[in-house]
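The block underneath contains the structure these notes are about, expressed in structure tokens.
Residue numbers (full-length UniProt numbering), protein chains in the order written: chain C, 1 to 585; chain H, 1 to 155.
Given below as structure tokens:
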């Protein structure tokens, strides 16, 4: 596609030019991406970004991945960011390019994922005149970005892009959008990429308050029924190793939220499983009945603690560590708030705890563990392993076995997502990629593409359902173009399973519009995109099929598992109920 | 906050998206043209006010947030009120404006336009004191506030 000599010439030309001559906004944008060390961007061209694409064409440092829908571009950049700890970058055109991207942006915003989205805009003189493919991008995206910019002057472009990367990746991360009108991408100015930017109104480096940390240590040492509850903040801030150190030092039980899985090794005895609406019995009971709760990078959301009134317990003391002050005392009042960068605060905690001579009372801790173990005996995740129909839980368990627990797993949203979270034991952070906050169906496949781009050679599996997968199925084409050997685990129960489950429990078995009729033949569909398709109908075939799929190293394999239609996710805390008011299997 | 296009809509958007009340909102550039100062009047429980403060602080363009009602402060609001003033009402309205230390800034043979400054409740009281049927039009700026004495908000 590219003529290497031609590229070399251009680069030579550019380096000479940048010394003296001015660059266009489009050139500047691409140079900024190069300066930031961006290797992959995900996007879709269009009128307003033609100059940008022209510059991308002339270089080979930033590789562009052409998706088939802008939502997928942002999800892919998102999966890339989540799995690699780099800022994900997406490029979309004005108007529908942006509106298609909004779902992806909101998904990243809810889960605090660092992204920079560059969008084209109609020329500045046309803004506000209802021009072709014009939308108020800054207005539409304002409630679902950490920040956004409309660049009206090419002289501000480089600094703005620098700010975008800085804001996206510091503090509580999040998506930042830079809207570039077409004429700005044509105008010329001298290019200087600032080494750093400072903003008087944005100082994200917060150190935990020493006095508060001391108070926390005291509470921890006096705890009789302690619990450590951690969320996505531990993953995002790369604090998993320190968290593990702290938990082991204290011998306390630890639970992770859906977003926090992998923050503490799931195969460790001190891990009591995920908590929340579909958390384990032991995690939810320990959460409800503990006397000292250490919340780390988590936000007590409705899917985690259920009804805050029921959760409230005057005898329980709560320590809450989070970088975002607005996450503290939002739904639950806490006793010791510590605003700060999670790994730094954990470091301080560990240091102080090691200095102190005393330890939490080991006898009471043993009694607490005995209580937790008795809750564990409830075996809340059990299911019928002898079923003649494939149980979805069994597929996830087998996938775990076949991949030695070492794959990157993305998911869509619904029952399959919960089974993936419950049955794939994540020992490492950044391996579990799902849309926890916004709950975006269609996230799984495109985010898996981003994960695979960031981790070539790694096993990447997308656990999905026949409803979710159809929301971004077009990306099978992208996977073919870029040779992404994803393994798609389609738990096909012919229903929007989670909707069906709620209808069964709370709407008198009236399955309104949740049956997925007229499904495609997924095997033929995968084959028509140039991939391998498999249909697995017997429980006895599950393991062999998975083994075979992972042997096909360079190929995407779409595995359509025909699963039990009536299976439900247990335990379940019904909406609005308390955490200990679980429906059990 | 930074005197930048869009900063106001971020604040207004935050209040509507999170369901907070805005009773009034005034904003203009300060002596430093890169900065705007906004006075926003809202109501809510202590928890809600705490959340509002935190959420405002998160906005990139917001430089500093102070809850003026936590200490002594002064607030003033400007109202322009146009009233029908005919016959013996003219004298009565003039006297009422004087009592409230308002000024008549525009006159026709049928109307007065009165300028009145004070706290919101003083302006309310003036409206109450006027015969409702005489009020033709009112326009109010919303409150602007500042700390009393040495207390200052400086970035």
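C-beta: ideal position from N, C-alpha, C; glycine also.
Helix, strand or coil at residue i according to DSSP, with G and I counted as helix
i              : result
residue 572(C) : strand
residue 2(C)   : Model confidence at residue 2(C) stands at a pLDDT of 42, short of 50, so the residue's coordinates are unreliable; what they give is reported in the following sentence. Of the three classes helix, strand and coil, the one that applies to residue 2(C) here is coil, per DSSP.
residue 318(C) : strand
residue 500(C) : helix
residue 585(C) : coil
residue 522(C) : helix
residue 33(H)  : coil
residue 116(H) : strand
residue 295(C) : strand
residue 226(C) : strand
residue 400(C) : helix
residue 139(C) : helix
residue 149(C) : strand
residue 532(C) : strand
residue 325(C) : helix
residue 512(C) : coil
residue 160(C) : helix
residue 116(C) : strand
Environment of residue i [buried if 16+ CB atoms lie within 10 Å]
i              : result
residue 125(C) : exposed
residue 107(H) : exposed
residue 323(C) : buried
residue 519(C) : exposed
residue 473(C) : buried
residue 255(C) : buried
residue 172(C) : buried
residue 547(C) : exposed
residue 135(H) : exposed
residue 31(C)  : buried
residue 320(C) : buried
residue 314(C) : exposed
Residue range of the unbroken alpha helix (DSSP H) whose run includes residue i
i              : result
residue 348(C) : 342-355
residue 308(C) : 308-311
residue 91(H)  : 89-99
residue 105(H) : Not the alpha helix (DSSP H): residue 105(H) falls in the beta strand (DSSP E), residues 103-107.
residue 545(C) : 542-551
residue 249(C) : 240-250
residue 30(C)  : 25-35
Straight-line Cα distance separating residue j from residue i
i              : j              : result
residue 215(C) : residue 496(C) : 47 Å
residue 69(C)  : residue 138(H) : 52 Å
residue 333(C) : residue 58(H)  : 20 Å
residue 336(C) : residue 81(H)  : 51 Å
residue 169(C) : residue 451(C) : 18 Å
residue 483(C) : residue 203(C) : 42 Å
residue 187(C) : residue 5(H)   : 22 Å
residue 545(C) : residue 536(C) : 7 Å
residue 390(C) : residue 499(C) : 20 Å
residue 607(C) : residue 245(C) : Examination of residue 607(C) is not possible in this model, given that chain C is present from 1 through 585 alone.
residue 175(C) : residue 494(C) : 35 Å
residue 88(C)  : residue 423(C) : 28 Å
residue 460(C) : residue 247(C) : 29 Å
residue 407(C) : residue 457(C) : 11 Å
residue 10(H)  : residue 157(C) : 21 Å
residue 2(H)   : residue 30(H)  : 10 Å
Residue(s) in a DSSP beta bridge with residue i
i              : result
residue 64(C)  : 41(C)
residue 274(C) : 256(C)
residue 375(C) : Answer is none; residue 375(C) lacks a bridge partner.
residue 642(C) : Past the edges of chain C, shown from 1 to 585, lies residue 642(C), and the structure says nothing about it.
residue 27(H)  : 38(H)
residue 462(C) : 410(C), 488(C)
residue 121(C) : 181(C)
residue 144(H) : 76(H)
residue 111(H) : 84(H)
residue 495(C) : 515(C)
residue 213(C) : None, per the DSSP bridge assignment.
Extent of the continuous beta strand (DSSP E) run through residue i
i              : result
residue 54(C)  : Looking at the DSSP string, residue 54(C) is not in any beta strand (DSSP E); the run it does join, the alpha helix (DSSP H), is 50-57.
residue 72(H)  : No beta strand (DSSP E) holds residue 72(H); DSSP gives it neither H nor E.
residue 560(C) : 557-562
residue 52(H)  : Careful: residue 52(H) lies outside any beta strand (DSSP E), inside the alpha helix (DSSP H) at 46-58.
residue 87(C)  : Premise fails: residue 87(C) is in no beta strand (DSSP E) and is neither H nor E.
residue 338(C) : 336-339
Residue i Cβ short of 7 Å to the ligand SAH heavy atom set
i              : result
residue 111(C) : Here there are no bound small molecules, and the ligand SAH is not part of this structure.
Below-8 Å beta-carbon distance, residue i vs any chain D residue
i             : result
residue 17(H) : Note that chain D does not occur in the displayed structure, where the protein chains are C and H.
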